[in-house]
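Sequential numbering of the sequence shown, starting at 62, is according to the numbering used here.
Each residue gets a CB set at the ideal place from its N, CA and C atoms; glycine is no exception.
Following: one structure in structure tokens, then a few remarks.
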Amino acid sequence: MDDAYGLVREVPDPETFCALREAAGMAPRSVEGARAGLPNTIFGVSVRYDGETVGMARIVGDGGTVYQIADMAVHPAHQGRGLGTAMMDELVAYLDREAPPNAYVNLFADVDGFYERWGFEPTAPASRGMFRRTE
């Protein structure tokens, strides 16, 4: 990540959160949902460029036994510059400092070969990731 970018330890506002997810090609979230959910973030980071939020990632969970890395997004115009790596480094550093022994850390990935460098591995066949979306 070059010096033109700034990493801050906070999540974006709900409107920016929703817009960045959409720009990154992720499933949409409602602004109402983001307003309710974002304050419950355990730890989050954003990347800014020229005053605009162009990247985000956060950790959600119970703060003791289960943590999930969620909402990792980088605007397409800023991909390939190490922003995702910088954000993951911050999230993993937080977990290494704060999560108790034997905590379960999970994520759902749509990028092959990215998260493994931080020790993440597929759960199958031991378990399967599943989801259900509300309407």
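Item to check | Enclosing alpha helix (DSSP H) for residue 94 [first to last residue] | outcome: Per DSSP, residue 94 belongs to the alpha helix (DSSP H) from 92-98.
Item to check | As assigned by DSSP and simplified to three states, the class of residue 132 | outcome: In the three-state reduction of the DSSP assignment, residue 132 falls in the strand class, which pools E and B.
Item to check | Which listed residue (128, 63, 127 and 88) has its alpha carbon closest to that of residue 194 | outcome: The option with the nearest alpha carbon to residue 194 is 88.
Item to check | Option in 187, 84, 115 and 179 with minimal Cα separation from residue 157 | outcome: The residue with the shortest Cα to Cα distance from residue 157 is 179.
Checklist entry - Taking three-plus beta-carbon pairs below 8 Å as touching, is the region 111-120 in contact with the region 167-175? => result Below 8 Å, too few C-beta pairs join the region 111-120 and the region 167-175 to call them touching: fewer than three.
Item to check | Three-state class that DSSP yields for residue 104 in the structure shown | outcome: Reduced to three states, the DSSP call for residue 104 is strand.
Item to check | For residue 176: DSSP bridge partner residues | outcome: Looking at the DSSP assignment, residue 176 forms no beta bridge with any residue, so it has no partner.
Item to check | Beta-carbon contacts of residue 136 that lie in its chain and below 8 Å, excluding the five residues immediately before and after | outcome: So the list reads 81, 84, 85, 115 and 116, once near-sequence residues are dropped.
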